[in-house]
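In my numbering, the protein residues as written are 612 to 730. Read the structure below first, then the notes.
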């Protein structure tokens, strides 16, 4: 039996043939702000990677930001040094399936304003 390279490549990257599928396949953006909080650990148990888009605010126009701790590793997500006169910082991060994650303030007094997940 002859296997054509094109068919092999197409079958290999078909999302239906990969456990869980690709980011964005069958997923929608959901506003999860009311069910999320800073410094609380969550687990991505969706079976697929998810993407998080977060906005944090500070009461005064000053340095604002947050990091995401993914399975114990702190990853910078968003940071604003107030160079644009804003008191907000917005950032995104992808979380692999099965990983734990929590958002932490990287600037004093930053508070959660919006948290969306592509899931």
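Positions of the beta carbon are idealized from the N, C-alpha and C atoms, including for glycine.
Where the beta strand (DSSP E) through residue i begins and ends
| i | result |
| --- | --- |
| residue 702 | 699-706 |
| residue 657 | Here residue 657 belongs to no beta strand (DSSP E), and DSSP marks it neither H nor E. |
| residue 685 | 684-691 |
| residue 675 | 675-681 |
| residue 725 | 722-729 |
| residue 711 | 711-716 |
| residue 641 | 640-642 |
Residue i and residue j closer than 8 Å at C-beta
| i | j | result |
| --- | --- | --- |
| residue 659 | residue 681 | no |
| residue 661 | residue 706 | yes |
| residue 704 | residue 684 | no |
| residue 667 | residue 729 | no |
| residue 636 | residue 708 | no |
| residue 716 | residue 649 | yes |
Selected residue, minimal CA-CA separation from residue i, among the options
| i | options | result |
| --- | --- | --- |
| residue 726 | 677, 685, 636, 697 | 677 |
| residue 699 | 649, 665, 634 | 665 |
| residue 641 | 656, 649, 663 | 663 |
| residue 652 | 713, 633, 717, 636 | 713 |
| residue 697 | 708, 674, 715, 717 | 674 |
Beta-bridge partners of residue i, as assigned by DSSP
| i | result |
| --- | --- |
| residue 651 | Answer by DSSP bridge pairing: none, since residue 651 is not bridged. |
| residue 634 | DSSP output for residue 634 lists no bridge partner at all. |
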